[in-house]
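Peer 1:
Residue numbers (our numbering): 204 to 447.
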């Protein structure tokens, strides 16, 4: 119980420090002029891909500055600063539905959070995650939902540095039956001479191709210029997402 209490107090301190740095204390919250009536699409950008790039630029700058800070408190304040350039909808609007402007298929790795990496807010991104970011049936079905029902116009398949699933696919160590099934699609697209980074990128490209091969709905949306698929690589060291 003592350890948990200390942890809670520490988190409260870090959060309080971040709010103070941003000027978001009880004295001035709500001090801004009343905005016009907001809808789910109030924060929807004209160019989703450009919005992802801009959000990642903010994240990467804070991520790299954070690495130069010497204490957890200083790092927390640096990371908190990136939220200054964002559009947040009130809960009363979010409670009515969602209107994501991009769909992200990426890995379940705990270091890879699209909402964080792209400086995104609730309702911005429709995210599907599984180890190795493969085009498993449930992922494809979820993307079909995002395209057909939620009308997202951009899909990004994102691999990342130091991916454990891709690394496991490159090795010959025995895995459980379910893990063997998970890495099977990854192994099918790898070249023996490739290093881990090249393998991650090949897997991401293969996943993007599989989306159109498995789903007539996705393929049709692309043919009709209603949907774009891009492939990217997230470098954990510097926080940068690069199109590949």
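For every residue, glycine included, the Cβ atom is placed at its ideal position computed from N, Cα and C.
Predicted, not measured: the structure shown is a model, and the values here were computed from it.
Three Cβ pairs or more, each shorter than 8 Å: is that satisfied between the region 278-287 and the region 408-426?
Peer 2: no
Peer 1: When you compare the CB positions of residue 452 and residue 414, do they come within less than 7 Å of one another, or not?
Peer 2: Given a span of 204 to 447 for the chain in the structure shown, any question on residue 452 remains unanswerable.
Peer 1: Just the Cα atoms here: how many angstroms apart are residue 418 and residue 437?
Peer 2: 26 Å
Peer 1: Rounding to the nearest angstrom, what Cα-Cα distance links residue 314 and residue 362 in this structure?
Peer 2: 12 Å
Peer 1: Between which two residues does the alpha helix (DSSP H) harbouring residue 387 extend?
Peer 2: 380-390
Peer 1: Run through DSSP, which three-state label would residue 443 get?
Peer 2: coil
Peer 1: With burial defined as no fewer than 16 other Cβ atoms inside 10 Å of the residue's Cβ, what is the status of residue 291: buried or exposed?
Peer 2: Within a 10 Å sphere around the beta-carbon of residue 291 sit fewer than 16 other beta-carbons, which makes this residue exposed.
Peer 1: Would you grab the beta carbon distance between residue 263 and residue 443 for me? Rounded to a whole angstrom, and I think it's under 8 Å.
Peer 2: 5 Å
Peer 1: Would you identify the three-state DSSP class for residue 231, choosing helix, strand or coil?
Peer 2: Low confidence applies here, because residue 231 scores a pLDDT of 48, under 50, leaving its location unreliable and the question unanswered by this model.
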